[in-house]
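In UniProt numbering, the protein residues as written are 1 to 272. Structure first, then comments.
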Ligand SMILES: [Zn+2]
């Protein structure tokens, strides 16, 4: 396969670690050019540090570390404000002026499209229309990313998601052995992400489990402290032998392919 270019578009630093790190490490190891773009610095994430500029700087540094571990050739931040999330979910009422969800999505799409064109990207990875678990910045990633791919004429658009069926099963099982924080509610996963039948790509990333774990661990500010939904902290508690099993697959939906399609590599041709 000749080297190609894949751009991964995420809302906040650490989203790449959770959803697409294995695929990114795999593509880089295969000699493809991997570019990571985030919309925001995640300066309103939940952490021990106060939200604000300093947290944004810390999180961008963590992002560069994570990107280096995964073999990314380039990292860009579009510079929008992290819209934030209320601890119980839903949109934060007080938002920065340049909050990503309030941004002119056409303008944001053009900024991303400029990178896609500069890179002559073959593939753009975004999120599913629900934005995974529903963070408004993630929904905006879907909207902006879809439009950017159209402007730039990017051939392959993959929506990074999670196959929620085995996830819910595994979290239930894990809950019998590990104590999740009380605010971590397995039920929230039952309507999030995508069900098995809508998924077109199942990418085996077990070989890259070590890099994926290291990428998660690089986001230290998100893996400790805070008092709310510590998804990353919970994920890092998964014991090493189980980790490859739990995080050994990454899932994508490619909407221009018929449902029921089952591909295993982001650059797989269709029909085969
Ligand atoms: Zn996020």
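From the three backbone atoms N, C-alpha and C, an ideal C-beta is built for every residue, glycine too.
Give the DSSP-derived three-state secondary structure of residue i in the structure shown.
| i | result |
| --- | --- |
| residue 242 | helix |
| residue 257 | coil |
| residue 194 | strand |
| residue 188 | helix |
Could you give the residue range of the beta strand (DSSP E) that holds residue i?
| i | result |
| --- | --- |
| residue 80 | 74 to 80 |
| residue 252 | 249 to 253 |
Give the straight-line distance between the Cα atoms of residue i and residue j, rounded to the nearest whole angstrom.
| i | j | result |
| --- | --- | --- |
| residue 52 | residue 19 | 25 Å |
| residue 58 | residue 21 | 20 Å |
| residue 174 | residue 120 | 43 Å |
| residue 122 | residue 267 | 9 Å |
| residue 190 | residue 6 | 30 Å |
| residue 26 | residue 96 | 36 Å |
| residue 40 | residue 103 | 12 Å |
| residue 256 | residue 43 | 35 Å |
| residue 198 | residue 15 | 21 Å |
By Cβ distance, which residues of its chain are closer than 7 Å to residue i, with the 5 residues on each side in sequence left out?
| i | result |
| --- | --- |
| residue 144 | 105, 108, 109 and 112 |
| residue 54 | none |
| residue 9 | 37, 112, 124, 125, 126, 141 and 145 |
| residue 69 | 211, 214, 215 and 218 |
Can you tell me where the alpha helix (DSSP H) holding residue i begins and where it ends?
| i | result |
| --- | --- |
| residue 202 | First-last for residue 202: 201 to 204, but that is the beta strand (DSSP E), not the alpha helix (DSSP H). |
| residue 237 | Segment: none, residue 237 is in no alpha helix (DSSP H) and carries neither H nor E. |
| residue 212 | 209 to 218 |
Who are the Cβ neighbours of residue i in its own chain at under 6 Å, not counting the five residues just before and after it?
| i | result |
| --- | --- |
| residue 152 | 113, 116 and 117 |
Please list, in chain order, all residues of the same chain as residue i whose beta carbon is under 8 Å from its beta carbon, the five residues on each side excluded.
| i | result |
| --- | --- |
| residue 195 | 163, 164 and 165 |
Alpha helix (DSSP H) runs contained entirely in the region 89 to 175, provided each spans 4 or more residues: Qualifying alpha helix (DSSP H) stretches, in chain order: 105 to 119 and 136 to 152.
Runs of alpha helix (DSSP H) lying entirely within the region 8 to 66, each at least 4 residues, in chain order: Segments of the alpha helix (DSSP H) lying fully in the region 8 to 66: 15 to 19 and 21 to 29.
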